[in-house]
Amino acid sequence: MEQNITPVKSGNVRKRKSQPQQWKRNIEKRQRYSAKGLPVHPTCGHRVGYQCMLLTTRDIKDYHEAFYSTPEKSKQGTFILKYCRAEIPNPKRKKKDPVKSKSATFQYSIVNQAGNNLRVCRSTFLNILAPLTKHGIIGVFKRFKNGKSHVPVETRGGNHKEAKFGLKRDAVKNFICTLKASESHYSLSTIRTEHT
């Protein structure tokens, strides 16, 4: 008996299931946002204004592990926004001065075992979270300021074929659904086979 073709349910397909975690680009992405080594203990010697020398080895280790616990750009960007703050500096130069002033200054903090935020210098912050660079921090704040979302979003890579061939795929599906098919008499009872 002829009948219309209907899409197969996802649980009944014979196609091999995809494993995105095993894809080469996803493996490279995890490696890109993973730690490359152990954190470096601060050597700046700051004791006034900054509290770099109050950090213990355990504080540095726990902060480093918390940042790299999830090797995803969006998670790490949220982490940076939580413990960094950008401020607009007060201009000290005259307007006729040709030297351009800074558009923003950043303050960095690290949480110790007691749960207190200790203000540290940029050198200490970057050494603990290496290979993170100052340009990575500036980029997070720029995207946060210019974007519409309050949460950093991964914009690198992505599924470009979905938008490029989406209309063609839907057209092929709609055409297949218009065809008439008859069920085969030689298929197993547990497997339904149809022929057009």
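Residue 58 in the UniProt record's numbering sits at position 58 of the sequence shown, with consecutive numbering throughout. Every residue, glycine too, gets a C-beta built ideally from N, C-alpha and C. As the structure is a prediction and not an experimental result, all values here were calculated from the model.
- By a beta-carbon distance limit of 8 Å, residue 84 contacts residue 107. Their separation comes to about 7 Å.
- Relative to the Cα of residue 87, the nearest Cα in the group 24, 69, 145 and 64 belongs to 145.
- Secondary structure note for residue 72: it is in no beta strand (DSSP E), with a DSSP letter that is neither H nor E.
- Ranked by Cα distance from residue 74, the options 166, 130, 173 and 139 are led by 139.
- With a contact defined as Cβ atoms closer than 8 Å, residue 18 and residue 71 miss out at about 21 Å.
- Straight through space, the alpha carbons of residue 161 and residue 20 are spaced by roughly 15 Å.
- Within the model, the alpha-carbon separation for residue 58 versus residue 28 is close to 30 Å.
- CA-CA distance, residue 115 to residue 127, rounds to 21 Å.
- A check of alpha carbon separations from residue 26 across 168, 174 and 159 identifies 159 as the nearest.
- The beta carbon of residue 68 sits closer than 7 Å to the beta carbons of 34 and 35 from its chain, once the five residues preceding and following it are set aside; these are given in chain order.
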